[in-house]
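Reviewing the structure listed below.
Numbering (my numbering), first residue to last: 9 to 104.
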């Protein structure tokens with residue numbers, strides 16, 4: 009969805025192209041071509057389509073690995089969901 013709000017000039021003059029481009033670029037975060045494709049063809053701009061996140065590690069698992077196991081943020085960033093759970097299992101079984 010593309011949505012923005014601007015006030016109307018008090019003397020009913022038209023807005024210049026500079027303001028139009030500012031609204032497209034800074035508020036709607038689209039180019040002119042993407043804007044008109046959305047308006048006329050219903051094609052959503054690329055920025056409005058959510059990117060599917062990669063498999064993520066559950067927050068509780070991250071918390072336990074950081075607080076109990078003592079892993080650093082860099083170590084946590086390198087883990088996959090499966091390896092994070094396996095590391096937590098290792099801590100629970102061996103204490104290390």
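By construction, the Cβ of each residue, glycine as well, lies at the ideal position given by its N, Cα and C atoms.
query	result
Simplified DSSP assignment, three categories, for residue 77	helix
Which listed residue (29, 61, 104) has its alpha carbon closest to that of residue 75	104
Residue ranges of each alpha helix (DSSP H) within the region 17-65, 4 or longer	25-30, 40-49
8 Å Cβ cutoff met for residue 65 and residue 92	yes
Residue nearest to residue 99 in terms of C-alpha spacing, selected from 70, 77, 83, 22	77
Member of 26, 23, 36, 29 whose CA lies at the smallest distance from the CA of residue 11	36
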